[in-house]
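Note that this note's numbering has the sequence shown beginning at 130, numbered continuously upward. A quick write-up on the structure given underneath.
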Amino acid sequence: VANAAKTAATAAPEAIAPLVLPTLPRLALVCLLPTLLGYYKSEYGVSYGYGTAMAASSYLILSSIANAAGLPMLPAIKESISLASFQPAGILTSLCTTLQNLKSLLPASLPAFHAFALFFYGTRLDLFLFYREMFYARFRAMRERIEERAKKQGSRWKRTPFLLSCAFLYFCMMSPLLITSKLCGGVGMACGGWGGGLVPILEQSIRVSVVVTLLGFLLGAFGDMNKTIGKALQGEDALITGGIFRFFRHPNYTGEVIGWVSSCLAGFLAVAWKTLSSGTGGRVALWKSMAPYLILSVMGATGISFVLATATTGLEFRQKEKYGDTKEYQDWIKKSWVGIKMDPAQKDSNSDEGESEGDKEAKS
């Protein structure tokens, strides 16, 4: 009876409609379209394109889950912003209803929580990038320098292979969410206990993974906010070692790695949990059907981790070059964790040739 009660507590409310996830072509398209901003400004393909691709693809999945649960996102929003009439009150009502629906949905649905974590990441990144570009001239100048270097490489169309590879990476990074959405529809976020064998352990592990995914993205957000406020108060050339930087030297990069690796892990745990909980029949078929998504998930987590490790290594090099002789820096590196980085010997110190040290530091 106790086990039955625990199972009931962790289950999502019964869906009032079948779950119809976005098609793969549609998800691929929403990962591609924002990335094409890179034709306009080269840097946009890996900044706004990145954030928007993750926010848009996860929102489509979150909206599908919400509709199936009878808790739709942005209800009646089309009527409030139609060409025939613009109704601010209707928009506000729709937003308030969405927040209430999320309040009910996220604790009750593990896939919805997973989707929200990715949506939070993409939306937060876009807002932060927009803020930097609007209020800090050095970021606009950096964007133009990147664009000038890109133009020297030839026609804008030569950017196509790079932009397509970025869009593919974003699609891969979204793939674990497809796995949890397909397999964990009846699982909520309430803790059901670790006892009772391997199945409940795996179920709890999926919950932990999606929570750590969100926590990783929050760590990155706090890192960006911490550095922005710190430099505003102490000056652009200041070395930020307080706040979250006391523990993480590069919390924005480290947080992202934690988030994306945990998201990938959630996909694998979901397949393992579903395999064991569904009995002996169809186990091989399940792994075969999920294998493409698992492969894409690994490619996404590996790809973005490589990018972030490279960025961490570059920033480590530049900070050591700029602050290495100071006692503040030497004390800081003894107490803080660098995160995931590559062998410094693999990092070309001239990769950003032509930029000042201040400009390089601004990229972080």
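Cβ coordinates follow ideal geometry from the N, Cα and C atoms, glycine included.
Under 8 Å by Cβ, that's how I've got residue i and residue j pegged, so tell me the actual separation to the nearest angstrom.
i, j, result
"Gly-432", "Leu-298", "5 Å"
"Val-427", "Ser-391", "Not really, about 14 Å apart at Cβ, beyond 8 Å."
"Pro-305", "Ala-395", "6 Å"
"Phe-242", "Met-318", "5 Å"
"Phe-245", "Leu-256", "Not confirmed; about 16 Å, so no contact."
"Leu-156", "Leu-189", "7 Å"
"Ser-223", "Ala-205", "6 Å"
"Trp-466", "Arg-378", "7 Å"
"Cys-313", "Ala-399", "5 Å"
"Ala-296", "Cys-160", "5 Å"
"Leu-405", "Leu-331", "7 Å"
"Gly-180", "Leu-258", "7 Å"
Just to check, is the beta-carbon of residue i closer than 7 Å to a non-hydrogen atom of the ligand SAH?
i, result
"Asp-454", "The ligand SAH is not among the ligands present in this structure, which contains no ligands whatsoever."
Where does residue i fall in DSSP's three states?
i, result
"Val-316", "strand"
"Ser-286", "Looking at the sequence itself, residue 286 is Trp, so the reference to Ser does not match. Trp-286: helix per DSSP, three-state reduction."
"Trp-402", "helix"
"Thr-152", "coil"
"Lys-170", "coil"
"Ala-131", "With a pLDDT of 42 at Ala-131, under the threshold of 50, the modelled position of that residue is not reliable, and no figure is offered here."
"Trp-416", "helix"
"Ala-198", "coil"
"Pro-163", "helix"
"Trp-389", "helix"
"Ser-186", "helix"
"Thr-146", "Before going on, a small fix: residue 146 reads as Ala here, not Thr. The answer is coil: DSSP assigns Ala-146 none of H, G, I, E or B."
"Met-471", "coil"
"Gly-496", "What is shown of the chain runs 130 to 493, which leaves residue 496 out entirely."
"Pro-305", "helix"
"Ala-205", "coil"
"Gly-408", "coil"
"Ser-176", "coil"
Who are residue i's beta bridge partners in DSSP?
i, result
"Phe-215", "Ile-210"
"Trp-466", "Phe-377"
Checklist entry - Fully enclosed by the segment 327 to 377, which alpha helix (DSSP H) runs are 4 residues long or longer? => result Here the runs fully enclosed are 327 to 363.
Next on the checklist: Does the segment 251 to 270 come into contact with the segment 181 to 191, if we say contact requires no fewer than three beta-carbon pairs (one atom in each stretch) closer than 8 Å?
Outcome noted: Three or more Cβ pairs drawn from the segment 251 to 270 and the segment 181 to 191 lie within less than 8 Å of each other, which places the two stretches in contact.
Checklist entry - Pairing CB atoms from the segment 371 to 385 with CB atoms from the segment 329 to 347, are three or more of them under 8 Å? => result As far as the Cβ criterion goes, the segment 371 to 385 touches the segment 329 to 347, which means the pair count is three or higher.
Next on the checklist: Could you check whether the segment 356 to 375 touches the segment 410 to 425, counting it as contact only if at least three pairs of C-beta atoms, one from each stretch, sit closer than 8 Å?
Outcome noted: Result no; under three Cβ-Cβ pairs closer than 8 Å.
Checklist entry - Is the number of C-beta pairs between the segment 215 to 229 and the segment 147 to 161 that are closer than 8 Å three or more? => result They do not touch, by the three-pair rule.
Next on the checklist: With a threshold of 8 Å, are at least 3 pairs of Cβ atoms found where one atom belongs to the segment 435 to 442 and the other to the segment 458 to 474?
Outcome noted: Enough Cβ pairs lie closer than 8 Å, so yes.
Checklist entry - Which whole runs of the beta strand (DSSP E) in the segment 422 to 464 are 3 residues long or more, in chain order? => result You should have found no qualifying run.
Checklist entry - For the 8 Å Cβ check, are there 3 or more pairs between the segment 224 to 232 and the segment 164 to 181? => result Cβ pair count under 8 Å is below three, so no.
Checklist entry - At which residue ranges does the segment 212 to 275 contain complete alpha helix (DSSP H) runs of 4 or more residues, listed in the order of the chain? => result You should have 217 to 237, 239 to 264.
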